[in-house]
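First comes the structure, then the notes that go with it.
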Amino acid sequence: MRYRYDFTSLGLPGLSLMSRYVRSNEFRIGQQAARERELDTDLAYVIQSGPFKDLGLRWRNVVYRANYAANVDENRLILEYSHRFW
């Protein structure tokens, strides 16, 4: 399941929120019944004008749980830049 919201309609162009939930059940690893789930949330902002136009900053939070692997909690800060070469 995925949800995305663009805050432009609230007067905040360039700001967006995305949340995604993925779950997998009933698969096997060897003889073990396995399950896993992951929740990812991104809060992103892209600068709209000026010398840093199109520079984006994204904060990503990841929560991963499984009964066959270590649990993972991550926070990532991602810097993005789009440039058109031709």
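Each residue of the sequence shown is one higher than the last, beginning at 775 in my numbering. Where a beta carbon is used, it is the ideal one built from N, C-alpha and C, also for glycine. Because the structure is a prediction, the values reported are computed rather than measured.
What are the residues that DSSP puts in a beta bridge with residue i?
i      : result
GLU810 : SER798 and ALA840
ASP847 : VAL837
ILE803 : GLN806
GLY830 : VAL820 and GLU854
Where do the N-terminal and C-terminal ends of the beta strand (DSSP E) with residue i fall, by residue?
i      : result
ARG858 : Run containing ARG858: none; DSSP gives neither H nor E here.
ASP780 : 776-780
Skipping 5 residues on each side, what residues in its chain have a beta carbon closer than 6 Å to that of residue i?
i      : result
GLY788 : TYR819, VAL820 and GLN822
ASN849 : ASN835
ARG797 : ARG811
THR815 : SER793 and ASN835
Looking only at its own chain, which residues have a Cβ that is under 7 Å from the Cβ of residue i, when we skip the five neighbours before and after it?
i      : result
SER790 : ARG778, TYR779, ASP780, PHE781 and ALA818
ILE852 : ARG832 and ARG834
ARG802 : ALA808
What is the DSSP secondary structure of residue i, counted as helix, strand or coil?
i      : result
LEU791 : strand
Check whether the Cβ of residue i lies closer than 7 Å to any heavy atom of the ligand NAP, and answer yes or no.
i      : result
TYR819 : As presented, the structure is devoid of all ligands, the ligand NAP included, so that no description of it is given.
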